[in-house]
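Visitor: The sequence shown maps to residues 1 to 116 in our numbering. Mind looking over this structure? Questions follow.
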Amino acid sequence: MKTIQDFKKDATLRKTYRYDQGVMTRAQWIELMKLNGCKCAERQKRNYAAEEKLKVSIDRRKFSIPWGNECHPLTKEWLNDKAKLAAGIIITYYSLTEGNISYVITKTEFDYFNSL
C-alpha cells in the first residue's frame, strides 16, 4: 500500500515541463541528465535572510522578556534563538551539474537521481 509520501513523490516526478530537449516529465528529464553524465550534489550554505529575520525578532523581544527568570518559557525561547543566531542558520540545497551549468533540484528529485 502506498503512503502519502509516495503519492507526493510520484506527483512531483510526473509534472510536465518544457526543457531545451523538449516537453517531458521531471523524471524523464532527470533520467536524460543522468545518461548525459551529470553529477548530483548536496550542498549547504548560510541563510542570511533567515538570520536577519531572526535578529529582528530577537531585538524586538529583548525588552519584553522576564529578566532574571531563566526558567520562564519566553526567556528560554529568546536564549535559544540567540544561540541559533550565533551558530548561524544553514540550509541544504541540491544541485544537478552539467559541465558549467548548474540546476537547483528538490530533495525528491535528488533521491530519484541517486536511485537510478
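Yeah, the Cβ is synthetic: ideal placement off N, Cα and C, and Gly gets one too.
Kindly give me the distance between the Cβ atoms of residue 92 and residue 42, rounded to whole angstroms, as I take these residues to be in contact under 8 Å.
Guide: Within the sequence shown, the letter at position 92 stands for residue 92. Within the sequence shown, the letter at position 42 stands for residue 42. Going by Cβ atoms, the distance from residue 92 to residue 42 rounds to 6 Å, so yes, they are a contact pair.
Visitor: For residue 57, report the span of its alpha helix (DSSP H) as first-last.
Guide: On the sequence shown, residue 57 is found 57 positions in, with the first residue counted as 1. Element bounds for residue 57: 48-61.
Visitor: Give me the residue from 24, 88, 87 with the minimum Cα distance to residue 12.
Guide: On the sequence shown, position 12 is the one that residue 12 refers to. The shortest Cα separation from residue 12 among 24, 88, 87 belongs to 24.
Visitor: How many Å lie between residue 4 and residue 116 at the Cα?
Guide: Sequence index remark: in the sequence shown, residue 4 carries index 4 (1-based). Sequence index remark: in the sequence shown, residue 116 carries index 116 (1-based). Approximately 22 Å, taken between the alpha carbons.
Visitor: Could you tell me the boundaries of the alpha helix (DSSP H) in which residue 4 lies?
Guide: By 1-based counting over the sequence shown, the position of residue 4 is 4. Residues 4-14.
Visitor: Does the beta-carbon of residue 118 have 16 or more other beta-carbons within 10 angstroms, so that it is buried, or is it exposed?
Guide: Given that the chain is displayed from residue 1 to residue 116, the structure contains no residue 118 and the question cannot be resolved.
Visitor: Thinking C-alpha only, which one of 113, 76, 77 is nearest residue 96?
Guide: Taking the sequence shown and counting its residues from 1, one reaches residue 96 at position 96. Of the listed residues, the one whose Cα sits closest to residue 96 is 113.
Visitor: Can you give me the start and stop residues for the alpha helix (DSSP H) that residue 115 sits inside?
Guide: In the sequence shown, the residue the question calls residue 115 occupies position 115. Segment 107-115, the alpha helix (DSSP H) holding residue 115.
Visitor: Report yes if the C-beta distance between residue 98 and residue 30 is below 8 Å; otherwise report no.
Guide: By 1-based counting over the sequence shown, the position of residue 98 is 98. By 1-based counting over the sequence shown, the position of residue 30 is 30. Not closer than 8 Å, so no.
Visitor: State the CB to CB distance for the pair residue 40 and residue 94, rounded to an integer number of angstroms; the pair is presumed to be in contact (CB under 8 Å).
Guide: The residue labelled residue 40 in the question sits at position 40 within the sequence shown. The residue labelled residue 94 in the question sits at position 94 within the sequence shown. Right, their Cβ atoms sit about 7 Å apart.
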